[in-house]
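I have placed the structure first, in the form of structure tokens, so that the comments after it can refer back to it.
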Amino acid sequence: MSNRIRVILLSEINSKLGSPFLTLLAGHPDVDLVGVVTSRPGRLCSYFVHDSDQVDLEAQAREIGVRVFRPVDVNAPEMIDTLVELRPDYLIVGNYQQILKPALLGVPAVTAVNFHPSPLPRYAGLAPFFWMVRNGEREGGVTAIEVDAGVDTGPIIMQRRMRLTGRETAVELRGMQERENVRMLAELIPRLADRSFTTTPQNPRERSYFGRPRPADYLINFDSPAEDIRRIVRAGYRHPGAHTFRSDGARIVLLSLDDSDIGVRLPLARTGTVRRVGGAWLVAATDTWLRIRTVENQGAEVRVDQHPGLLPDGVTLGARVPEEVAG
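For the sequence shown, full-length UniProt numbering assigns the number 1 to the initial residue and increments by one for each residue that follows.
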């Protein structure tokens, strides 16, 4: 008896996870990829819109002859009827941002499997790569779960953990998680094919949940230790960017900074004060000086020493917080 499984992939149209998932599933000898469900027309996943290399899941699927569906509501009865006709054994979900309701979860003959970029039950929810970097985590992970009626609450099928250096940006961590999820899917497919996978319930006492980052979550507070400031800059890189305000009200996006040996020799100033020392731009945190390396200028990442007018010597950062950011 053949163990070839019928699969529908659900992922966002511009997803850097969905694209390699599609390639893997379409080319796997144990898989018959019978459909791809992706974003409704006009929608892009914000995680990827500023990446220099873009993907198009619909074009990729059509090129290899796989049917594509772009429903406004994936849980609509007519959409469910269409998917039932495809007779899937599994729904494979990777970076798809509509919640799957019980009627849709009843479509596959076996189950729906979601690949989440965190070591569940920790960091359920949205943008875990941002929150892990923001919180200074030294261990990341990815988890495959059976989808249930909750949000990232289903039993765990497989999990992989990864050691972090504490210097990754959120974009770098996102890429690490995407690659690990692809490896995990490749390892899991044979178990899905012969139905040999097992599940372990999540421990609700260990659960943490984070929502989509708000504008205020990207705001740099210089009345903080240097490590907290480094974390928010790495978490905000590259878009929308961790930002602050000059004393004249101009918005400044800081894209990279690090410790400064030069600053060790300077007495600390008022937090947020910028000092130019030789060719270095320093800013005062509560406990030390940090060296500003790059900032955003007209949408591009530039070295601050090549655009000295952005941060004049003696200017104070963090002096103004507009209500729309503070809220």
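Cβ coordinates follow ideal geometry from the N, Cα and C atoms, glycine included. Note that this is a predicted model, so its numbers are computed, not measured.
On the DSSP letters alone, give me the boundaries of the alpha helix (DSSP H) that residue i sits inside.
i	result
G81	According to the sequence displayed, residue 81 carries Asp and not Gly. Looking at the DSSP string, the run of the alpha helix (DSSP H) that includes D81 is 77-85.
D228	226-236
R134	128-134
G27	18-27
A269	Neither: A269 is in no alpha helix (DSSP H) and is coded neither H nor E.
L104	102-105
Just grab the DSSP bridge partners of residue i for me.
i	result
M176	M176 is not bridged to any residue.
L219	H243
A144	F115, M158
F69	V37
E277	One point to set straight first is that residue 277 is Val, not Glu, in the sequence displayed. Note: V277 sits in a beta bridge opposite A280.
E139	R163
G125	F210
I99	Answer is none; I99 lacks a bridge partner.
T200	I156
V31	I5
D259	L290
Exposed or buried, which one is residue i when buried takes at least 16 other CB atoms within 10 Å?
i	result
P204	exposed
N135	exposed
V151	exposed
G299	exposed
A59	exposed
G309	exposed
Q306	exposed
W289	buried
G166	exposed
V49	exposed
M1	Bear in mind that the predicted position of M1 carries a pLDDT of just 40, short of 50, making it too unreliable to give a figure here.
L44	exposed
E78	exposed
V72	exposed
Tell me whether residue i sits in a helix, a strand or coil according to DSSP, three-state version.
i	result
D305	helix
S208	coil
R43	coil
E58	helix
N297	strand
A186	helix
L254	strand
R167	coil
A193	helix
V315	coil
L120	coil
Grab the span of the beta strand (DSSP E) containing residue i for me, first residue to last.
i	result
L91	90-94
L10	5-10
Exercise for the section: Please determine if the stretch 233-251 and the stretch 305-319 are in contact, where contact requires at least 3 C-beta pairs separated by less than 8 Å. Expected result: yes
Handout entry: the stretch 6-13 touching the stretch 38-58, judged by at least three CB pairs closer than 8 Å
Key = yes
Problem - At least 3 beta-carbon pairs within less than 8 Å: the stretch 264-284 vs the stretch 204-213 - result: Not touching, per the Cβ criterion.
Handout entry: Cβ contact check for the stretch 97-106 and the stretch 168-186: 3 or more pairs under 8 Å
Key = By the Cβ criterion, the stretch 97-106 is not in contact with the stretch 168-186, since fewer than three pairs of Cβ atoms, one from each stretch, lie closer than 8 Å.
Handout entry: Given 8 Å, three or more beta-carbon pairs between the stretch 187-197 and the stretch 29-36
Key = yes
Practice task
Answer yes if the stretch 213-226 comes into contact with the stretch 278-287, meaning at least three C-beta pairs across the two stretches below 8 Å, and no otherwise.
Solution key: yes
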